[in-house]
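With our numbering as the guide, the letters of the sequence shown map in order to residues 232 to 486.
Where is the CB? At the ideal position from N, CA and C, for every residue including glycine.
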Amino acid sequence: MVMDPSQTFSISATLAELDNLASRIPRGATESVGELNYIRGFILYRAGRASESVPASIEALRIDAGTPFLTKAERSRFTYNLASQAEDIGDWDIAIDNYRKAIDLFENNPDFSDDQRLGTKERLAFCLHETGKYAEAMAINEKVLQAGETLFGQDSEKLLVVITDLAQNAYKLNQPAAARRFLERRYSIATKHGNQSHIDASLFQLGVLAFEQGNKSEAKNFMDQRLKLAKESGDLNRVHDAEEDLQTLREKMGD
């Protein structure tokens, strides 16, 4: 019932049933304890209760490592889900550890696509960046980008996230020229696909970078271009955000 995505059930009632079962598991029935934690972790994952799901999931995988009870597919997906939930709550060490494990489990596994493998590496790099490991994150992202270009094409919209991350990696590593190249490429690809959020963010970040490099007039040009595109779109929220950021820039420039 729990594993069938078409089924609906009461979260609280099912968790209460698991608590009842837990008290009846014989001492030494390690596999049963593992299975119970696996089901509890999965239910809490489906309920979006990551902070509760993570401990149960960790315990299930710990037991599985010593007394295997999961199938290869179950282990792979559960490990990824644990990493994703840990990322959601900012538990970076658990996220990084389990993304690394998921990458190994996904390798040469026909149940997972090249797209999924690259996406998992991308998430690992994001978590590494969040812990200040910018160089390692950038090295992974560069490989993801190269593989993504081969898989999707040089101008694919699917490359926008990793290119954005690379710009952030370069910025943190004090490589402004590299950061600018990535932002310009992001803007180019976003423009080709009409991706407004990436267009606006690219122009904003290019403006910030130019300002920090002392190029005030260029920074204003980027912000003006963003406002112009926002007005052309007719999106009032977009216009408001662009005007607000332009005003902030003017204040910093002393205008």
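Inspect the beta-carbon positions of residue i and residue j and report whether they are closer than 8 Å.
i, j, result
"F383", "L390", "yes"
"G438", "L480", "yes"
"I242", "A278", "yes"
"N340", "S307", "yes"
"R457", "D431", "yes"
"T298", "E266", "no"
"D240", "M234", "Reading off the sequence, residue 240 comes out as Phe, not Asp. Not closer than 8 Å, so no."
"E367", "V393", "no"
Alpha carbon to alpha carbon, what distance is there between residue j and residue i?
i, j, result
"K459", "F435", "13 Å"
"A378", "M369", "14 Å"
"Q385", "I256", "55 Å"
"A287", "F300", "15 Å"
"R258", "N372", "47 Å"
"L292", "L275", "15 Å"
"F453", "F343", "41 Å"
"D455", "E388", "25 Å"
"D328", "D250", "29 Å"
"L349", "F413", "19 Å"
"L246", "N312", "19 Å"
"R280", "F273", "10 Å"
"D476", "A408", "23 Å"
"Q427", "A244", "44 Å"
"G465", "S433", "19 Å"
"S282", "A333", "20 Å"
"S284", "D346", "26 Å"
"Q478", "Q238", "52 Å"
"E474", "T381", "39 Å"
"E415", "A260", "58 Å"
"T310", "Q399", "27 Å"
"E305", "H429", "35 Å"
"S419", "P236", "40 Å"
In chain order, what residues of the same chain have a beta carbon less than 6 Å from the beta carbon of residue i, not counting five sequence neighbours either side?
i, result
"A326", "A314, A317, E318, C358"
"K303", "none"
"R271", "L249, A287"
"L574", "Only positions 232 to 486 of the chain appear in the structure, and residue 574 is not among them; the question remains open."
"D295", "G265, L301"
"G323", "Checking the sequence, you will find Trp at residue 323 rather than Gly. Excluding sequence neighbours, W323 sits near C358, E361, T362."
Leaving aside the five residues before and after residue i along the sequence, list all residues of the same chain whose C-beta is less than 7 Å from its C-beta, in chain order.
i, result
"D335", "none"
"M484", "K447"
"K462", "V470"
"T395", "R417"
"A253", "L267"
"E290", "N268"
"F337", "S307, F343, Q347, R348, T351"
Excluding the 5 residues flanking residue i on each side, which residues of the same chain have their C-beta closer than 8 Å to its C-beta?
i, result
"K374", "K352"
Discussion item. Would you call the segment 440 to 447 in contact with the segment 423 to 431, where contact means no fewer than 3 C-beta pairs closer than 8 Å?
Written reply: Contact fails between the segment 440 to 447 and the segment 423 to 431, because fewer than three Cβ pairs, one in each stretch, are under 8 Å apart.
Worksheet item: Using 8 Å as the threshold, is the segment 447 to 454 in touch with the segment 463 to 472, meaning 3 or more CB pairs across them?
Response: No, the segment 447 to 454 is not in contact with the segment 463 to 472.
Worksheet item: Taking only runs of the alpha helix (DSSP H) that begin and end inside the segment 236 to 301, which ones reach a length of at least 4 residues, in chain order?
Response: 242 to 253, 261 to 277, 281 to 297, all fully within the segment 236 to 301.
Fill in: the segment 396 to 406 touching the segment 361 to 372, judged by at least three CB pairs closer than 8 Å
Under the 8 Å Cβ criterion, the segment 396 to 406 counts as touching the segment 361 to 372, having at least three qualifying pairs.
Practice prompt. Counting only runs of 4+ residues fully inside the segment 382 to 420, write out the alpha helix (DSSP H) ranges in chain order.
Written response: Complete alpha helix (DSSP H) runs here, min 4: 391 to 403.
Worksheet item: Counting only runs that start and end within the segment 298 to 364, where is the alpha helix (DSSP H) found for 4 or more residues in a row?
Response: Here the runs fully enclosed are 303 to 319, 323 to 337, 345 to 361.
Practice prompt. Only counting runs of 4 or more residues, tell me where the alpha helix (DSSP H) segments fall wholly within the segment 424 to 461, in order along the chain.
Written response: Listed in chain order, the complete alpha helix (DSSP H) runs (minimum 4 residues) inside the segment 424 to 461 are 427 to 443.
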